[in-house]
Amino acid sequence: MRKHHTFSRIVQLIELDSEATNAYTATDALGLAREINLRRNAVAHEALFDSENAGQRLWADKALRTRPATKMQKYTRRTQLTHAIADWPKYSTLQAQRAERPSNAHHQRNGSTMKMTAYEFASSIETRIESLSNEQYHNRVRPAKRLIEELYPLSRLALAFKQPGLDVHVEANENSGRADGHIWLSGYIEKDFEVQVTFAGYGEKDALRSALLVQQGFAPGAGPIDKIAGEIVAVMEAQDYDAPIKPLAASIRERTLAKAAKKYAPETVLIVAFEDMRLRGCGWWKWLYAAIENVGGIERGNFAQVYLFNGCSNEFQQVA
526 MRKHHTFSRI VQLIELDSEA TNAYTATDAL GLAREINLRR NAVAHEALFD
576 SENAGQRLWA DKALRTRPAT KMQKYTRRTQ LTHAIADWPK YSTLQAQRAE
626 RPSNAHHQRN GSTMKMTAYE FASSIETRIE SLSNEQYHNR VRPAKRLIEE
676 LYPLSRLALA FKQPGLDVHV EANENSGRAD GHIWLSGYIE KDFEVQVTFA
726 GYGEKDALRS ALLVQQGFAP GAGPIDKIAG EIVAVMEAQD YDAPIKPLAA
776 SIRERTLAKA AKKYAPETVL IVAFEDMRLR GCGWWKWLYA AIENVGGIER
826 GNFAQVYLFN GCSNEFQQVA
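Quick note, this note's numbering runs 525 ahead of the 1-based positions in the sequence shown.
Shown next as structure tokens:
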């Protein structure tokens with residue numbers, strides 16, 4: 526109940542104004558003004574020091590330090606204070622909206638997201654992905670492509686670092702900057718590094734399957750698929766259980782080679798993201814590692830660390 530104390534004191538002031546006004550005659554206007562000002566200041570100071578809400582203190586101070594009553598009209602001060610009390614909910618709501626605005630927006634600044642905690646950043650990216658239409662999500666049109674293939678893996682890496690006693694902040698560059706993101710660790714580890722993100726295992730045939738899924742609500746997971754005369758033609762076909770592993774391994778090798786050929790800032794971390802709902806558990810990861818080694822292995826370049834990330838299972842594996 527203490528948070529309402531300031532308002533109760535202001536209401537008391539209104540009552541004091543009314544009592545003082547009724548007690549004095551018109552010839553005592555100067556004395557009445559002095560009496561009201563003294564009582565007003567006393568109540569105002571008590572209200573200001575007693576209130577626990579900083580915004581309420583400022584508003585009470587503004588409301589009670591209005592122009593001094595040089596002309597005494599019976600209800601002038603009472604009307605001013607009544608309006609001040611009536612305006613407080615509107616003022617406090619506006620202040621709350623202003624305070625919440627940074628977390629509800631995309632935190633965009635010159636094409637980049639502002640520095641946020643790992644939880645805030647992950648929540649923001651998830652909200653934006655959930656707002657995509659079915660067509661946007663599956664056809665990977667912008668901004669869906671960047672959200673799914675770059676920002677989502679970045680958000681998961683930041684969450685992977687979060688532990689009790691370790692604060693994690695992250696910032697993403699949504700334009701073609703030097704880095705796709707930046708992560709800061711503070712607490713029992715003090716460290717920051719840039720992050721590069723690349724996406725593997727999503728080729729032309731995968732894009733055709735996604736487009737067919739949007740058009741018809743169904744698309745074969747395997748088998749020949751092509752676009753002939755503007756129409757997507759697909760044939761359902763059985764395949765070996767480990768058939769997706771080899772092309773995925775080749776794509777991972779290709780993406781790491783392309784990234785390793787460039788120079789990045791010291792301590793930069795690379796995420797190679799992909800999506801495969803079948804790749805879960807140690808057995809599948811072992812097959813993937815073996816397939817990657819068969820095509821030449823992971824090219825580390827000057828990256829401090831290299832992570833593989835399966836977006837279908839939220840699994841990270843450090844491979845270099």
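For every residue, glycine included, the Cβ atom is placed at its ideal position computed from N, Cα and C.
From a predicted model like this one, the values you see are computed outputs, not experimental measurements.
- Residue burial is scored here from C-beta neighbours: L773 has at least 16 other C-beta atoms within 10 angstroms and is therefore classed as buried.
- With three or more CB-CB distances shorter than 8 Å, the segment 729-746 counts as touching the segment 757-777.
- Residues L657, Q661 and Y662 of the same chain have their beta carbon placed closer than 6 Å to that of A669, with the five preceding and five following residues left out of the count.
- In the same chain as Y677, and ignoring 5 residues on each side of it, the C-beta atoms closer than 7 Å to its own belong to I650, I654 and G836, in chain order.
- Burial state of F834 is buried, judged by a 10 Å Cβ sphere holding 16 or more other Cβ atoms.
- Beyond the five residues adjoining it in sequence on each side, D767 comes within less than 7 Å, by CB distance, of W812 in the same chain, given in chain order.
- By the criterion of a C-beta distance shorter than 7 Å, S711 is surrounded in its chain by D692, once the five residues flanking it on both sides are discounted.
- Assigned with DSSP and collapsed to three states, S656 falls in coil, not helix or strand.
- Leaving aside the five residues that flank L672 on each side, the residues in its chain whose CB is nearer than 8 Å to its CB run, in chain order, I650, R653, I654 and L657.
- Excluding five sequence positions before and after M802, the CB atoms of its chain that fall closer than 6 Å to its own CB belong to C837, given in chain order.
- Per DSSP, T793 lies in no beta strand (DSSP E) and is assigned neither H nor E.
- Here Q741 carries a helix assignment [DSSP, helix/strand/coil].
- In the structure shown, the three-state DSSP call for A759 is strand.
- CA-CA distance, A829 to A845, rounds to 8 Å.
- The beta carbon of K640 lies closer than 6 Å to those of H694 and E696 in the same chain, with the five residues before and after it left out.
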